[in-house]
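Let me begin by presenting the structure, written as structure tokens, before commenting on it.
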Amino acid sequence: MTLLAEAVTASTLVGETSSRSRKVAILVELLRRVEPDEVPICVGFLSGVPRQGRVGVGYRSIYGVDSRPADVATLTVTDVDRAIDEIERATGAGSARRRSDLLGRLLGRATAEEAAFLRRLFTGELRQGALAGIMADAIAKAAGVPGEIARRALMLSGDLTRMAQVAMTEGERGLRAVGFEIFRPILPML
């Protein structure tokens, strides 16, 4: 299981460098260590959008949660992914309170650095310089597939996390199998 702290460290290092090749190398190092089922989670976190997409937690909600940070990093990326699923399912009467409670529990398990990362992730303010193009290159390199094949699969799938999962589990053959699907938008060429 991959600790959230590992993704936070990678995000920090990526944000500290302007070198594209260094950013890719940092991301490759992390992607090669994560479990296959964690790939879409980490890719989503590091590209600034959770696997679930925008969750509907605003600035006021996430920054309004008062919690004491954990002393030791124990939160895994899977723990955070599950918490996001729960937060997303909290709808209807009393949902604001439920979301606040869930956010409080999540942030209470996070270290100060992890909590800051999560706040930026939830509000779309995670600007460390790992946009889709850099992530696609890192995924291709980590999976040992040609970059143009990964970028093609990304363009046709329209989903960076899906492309990452296919690249890391099925390799080049899986990426080559990605094609047009009716009613699924494609991305512009990177």
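Each residue of the sequence shown is one higher than the last, beginning at 452 in the numbering used here.
Heads up, the beta-carbon is just placed ideally off N, CA and C, and yes, glycines get one too.
Those runs of the alpha helix (DSSP H) which lie wholly inside the segment 569 to 612 and span at least 4 residues
You should have 583 to 594, 598 to 608.
Within its chain, find whatever has a CB closer than 8 Å to the CB of residue 537; leave out the 5 residues flanking it on each side and keep chain order.
Excluding its 5 nearest sequence neighbours in each direction, residue 537 has C-beta neighbours in its own chain below 8 Å: 553, listed in chain order.
How long is the line joining the alpha carbons of residue 468 and residue 500, rounded to whole angstroms?
Each residue's Cα considered, the two are about 21 Å apart.
Helix, strand or coil at residue 527 according to DSSP, with G and I counted as helix:
DSSP places residue 527 in strand when its eight states are reduced to three.
Between which residues of its own chain and residue 560 is the CB-CB distance below 8 Å, once the five residues before and five after are set aside?
Excluding its 5 nearest sequence neighbours in each direction, residue 560 has C-beta neighbours in its own chain below 8 Å: 521, 525, 526, 530, listed in chain order.
I need the boundaries of the alpha helix (DSSP H) containing residue 477, first residue and last residue.
Element bounds for residue 477: 471 to 484.
6 Å CB neighbourhood of residue 637 in its chain, flanking five on each side removed:
Cβ neighbours of residue 637 beyond the five flanking positions: 606, 607, 609.
With H, G and I counted as helix, E and B as strand and the rest as coil, what does DSSP make of residue 456?
If DSSP states are grouped into helix, strand and coil, residue 456 belongs with the helices.
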